[in-house]
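According to our numbering, the sequence shown is numbered sequentially starting from 7.
Worksheet for the structure shown next.
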Amino acid sequence: MNRYQRLLGLFGLLGLWVLPGLVFTHGGEDHGDAKIVAATPSARPRLEASSPDFQVVAILRDRTLALYLDRYATNEPVLNARMTVESDGQSQPAVASADGAYPVNAIAAWTTPGTHEVIVTVDAEGVSDILIGNLVIPSPPAIAPVPASHVGWRWLEWLGAGAVGLLLGLLLGRRGPATTVALLPLLLGLSLPSPPALAHGGEDHSADPPAAILPTSGERAQRFPDGSLFVPKPVQRVLGLRTTLTTRQELPRTVELNGHLVADPNQSGRVQATQTGRIAPTSDGLPYLGQAVNADQVLAYVIPVAASIETASQKALLAELDSQLDLATRRLNRLQQLAGSVAAKDIEEARTELNGLRQRRAAVSGGLSGREPLRAPVAGVVSVASLSAGQVVEARQTLVEIINPAAWWAEALTFDPALAQQISAAVAQTLEGRALPLRFLGMGFQRRSQGLPMQFQVTGDGQGLSAGQPVRILVQTRERLPGVALPRDAITRTDGGESQVWVQTAAERFAARPVRVQAVDGATVVALAGLQPGERVVTVGAALLTQVR
Numbered sequence: 007m008n009r010y011q012r013l014l015g016l017f018g019l020l021g022l023w024v025l026p027g028l029v030f031t032h033g034g035e036d037h038g039d040a041k042i043v044a045a046t047p048s049a050r051p052r053l054e055a056s057s058p059d060f061q062v063v064a065i066l067r068d069r070t071l072a073l074y075l076d077r078y079a080t081n082e083p084v085l086n087a088r089m090t091v092e093s094d095g096q097s098q099p100a101v102a103s104a105d106g107a108y109p110v111n112a113i114a115a116w117t118t119p120g121t122h123e124v125i126v127t128v129d130a131e132g133v134s135d136i137l138i139g140n141l142v143i144p145s146p147p148a149i150a151p152v153p154a155s156h157v158g159w160r161w162l163e164w165l166g167a168g169a170v171g172l173l174l175g176l177l178l179g180r181r182g183p184a185t186t187v188a189l190l191p192l193l194l195g196l197s198l199p200s201p202p203a204l205a206h207g208g209e210d211h212s213a214d215p216p217a218a219i220l221p222t223s224g225e226r227a228q229r230f231p232d233g234s235l236f237v238p239k240p241v242q243r244v245l246g247l248r249t250t251l252t253t254r255q256e257l258p259r260t261v262e263l264n265g266h267l268v269a270d271p272n273q274s275g276r277v278q279a280t281q282t283g284r285i286a287p288t289s290d291g292l293p294y295l296g297q298a299v300n301a302d303q304v305l306a307y308v309i310p311v312a313a314s315i316e317t318a319s320q321k322a323l324l325a326e327l328d329s330q331l332d333l334a335t336r337r338l339n340r341l342q343q344l345a346g347s348v349a350a351k352d353i354e355e356a357r358t359e360l361n362g363l364r365q366r367r368a369a370v371s372g373g374l375s376g377r378e379p380l381r382a383p384v385a386g387v388v389s390v391a392s393l394s395a396g397q398v399v400e401a402r403q404t405l406v407e408i409i410n411p412a413a414w415w416a417e418a419l420t421f422d423p424a425l426a427q428q429i430s431a432a433v434a435q436t437l438e439g440r441a442l443p444l445r446f447l448g449m450g451f452q453r454r455s456q457g458l459p460m461q462f463q464v465t466g467d468g469q470g471l472s473a474g475q476p477v478r479i480l481v482q483t484r485e486r487l488p489g490v491a492l493p494r495d496a497i498t499r500t501d502g503g504e505s506q507v508w509v510q511t512a513a514e515r516f517a518a519r520p521v522r523v524q525a526v527d528g529a530t531v532v533a534l535a536g537l538q539p540g541e542r543v544v545t546v547g548a549a550l551l552t553q554v555r
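This is the structure in structure tokens:
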């Protein structure tokens, strides 16, 4: 055996001697009594405490305890409060910072793992309160030791590896130099140290918490598998979440109708031509959309247009009238010259006849060359204008419509003839969510599309509305229903389209609650089922919570 063969044999022996010591396997153990790690909503130590007036959440990070103080009922941040934190025999004042939190330096005792009672004294807006909570400092994670069974069998692994390495070295000693050089890379690879490989099997890990439940950060809103949300207080401040305490009330039963807006007929009007003619503009031009006009203002002129035969007849009549006027004028002049010898009665009759002929001629002449003024019937704004210079229009054709942009009626159809006698109040809601208070005017008894028409007057501000605009009319009846009143913004929709609300079950936990709701007016709904009195329902930011994943 030469020097190279002995060296390779030594590498093989060392490689097989080292590798078994770095591979550990076991199996068949029973981990049924292992403790399951509970899913915690945050990796940072925190506490929460509440009273009927206030709610506080404290988060320990970077040796600083940040306190967030809110109103319990509304989740509204309380600013500029006087707070004192007491724990483990030490007391520190908490002063508000720019971000709305109240930071205090961590107490030395909080470095010890365990449960530490924290007493927070609050004096804000004339209300004094004491909040008590527990700050839990977790123990550092322990590294599991190698089982004793592994050490007991380690000497057998080493003995077997040594025997194999010795045989391999003897085998290489009998080979030639070429074989030895060819196997050199393989032996070098086996001789290099490899990382420990820990493997085991046979245990039942079905009780381990899924990784999706374990949040990665304490400052990120997260959704849990049961649908509930963890929303840290700093995130709540960014989202601007607000809540309200639910109370059961007696609210009116509401009937919802589909309707539309029409212009108030008392403050609107139409301009129509009374005869066939041609449009002529005024000195100010023709009316345009949105133009403000006054009552009786001339908007345009209609020059009558007649047939050729009718025009010829009028001209002939005009010529005949001119001839009669000439004769009547001469006769009156002769009689006036013979005044004193002629009866005054004859002179007066001649004068009357002459005036009548002049009036007849003016009427006939006006029919040939006159023009009809188109006047505004009311003051308001032009909403329809279909005029152009030289346009030929027919009699009774609508040319201009004028409305008051602040005066509107609402019309709807109902299939319940008894609804008119049950109305206590009504409100119209536009597609944009704008609420318009209504006053019921009356119901017709001539069916239209199998329904009875109902009319309401918009009593609130009507600026920004338009004729024909669709609205949803909520008619409140005198019948009362028990339920929980909520703002309309508190209602969100599930993927299936069902109504739901978000209930704040803890300071940083929110749960979705399916509800059955009915609209009361444009801004309020009543939850008929799904809620109990005293629960905190999110009224501002509910739609943002639905987006948390």
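Using N, Cα and C, we set each Cβ at its ideal position, and we do this for glycine too.
Proximity below 8 Å, CB of Val526 to CB of Pro99: no
Assuming Val531 and Val523 make a contact with CB atoms under 8 Å, what is their CB distance in whole Å? 5 Å
Sequence-distant residues of its chain with Cβ nearer than 7 Å to Gln365 (five each side left out): none
Nearest to Val311 by CA position, among Thr282, Ala518 and Gly132, is which residue? Thr282
Are Leu341 and Asp328 touching if we call contact CB-CB under 8 Å? no
Would a C-beta distance cut-off of 8 Å place Arg519 and Gly536 closer than the cut-off? yes
Buried or exposed: where does Phe462 fall if 16 or more other Cβ atoms within 10 Å of its Cβ makes it buried? buried
So, does the region 393-407 touch the region 240-259, judging by three or more C-beta pairs under 8 Å? no
Grab me the residues of Glu485's own chain with a C-beta within less than 6 Å of its C-beta, minus the 5 sequence neighbours each way, in chain order. Arg259
If contact is defined by three or more beta carbon pairs under 8 Å, each pair taking one atom from either stretch, is the region 78-95 in contact with the region 260-277? no
Would you call Arg52 buried or exposed, if buried means 16 or more other Cβ atoms sit within 10 Å of its Cβ? buried
I need the straight-line Cα distance from Phe60 to Tyr78, nearest angstrom please. 5 Å
Distance, Thr483 Cα to Gly489 Cα: 15 Å
Let me confirm a value: Gln510 is counted as buried when at least 16 other C-beta atoms fall within 10 Å, else exposed. Which label applies? buried
Three-state class that DSSP yields for Arg454 in the structure shown: strand
Mind checking who Thr498 pairs with in its DSSP beta bridge? Gln506
Buried or exposed: Gly233, going by 16 or more other Cβ atoms within 10 Å of its Cβ? exposed
Do Leu393 and Ala473 have their beta-carbon atoms positioned less than 8 Å apart in this structure? no
Should Gln538 go down as buried or exposed, given a rule of 16 or more other Cβ atoms within 10 Å for buried? exposed
Is Leu363 near the ligand GTP, with its Cβ less than 7 Å from a heavy atom? Looking at this structure, you won't find the ligand GTP or any other ligand, since it has none at all.
With distance defined between alpha-carbon atoms, name the residue in Val384, Gln255, Pro493 and Pro144 nearest to Asp302. Val384
Element boundaries [beta strand (DSSP E), containing Arg243]: Note, Arg243: premise wrong, no beta strand (DSSP E); alpha helix (DSSP H) at Lys239 to Leu245.
In chain order, what residues of the same chain have a beta carbon less than 8 Å from the beta carbon of Glu354, not counting five sequence neighbours either side? none
Under 8 Å between C-beta atoms of Ile479 and Gly275: no
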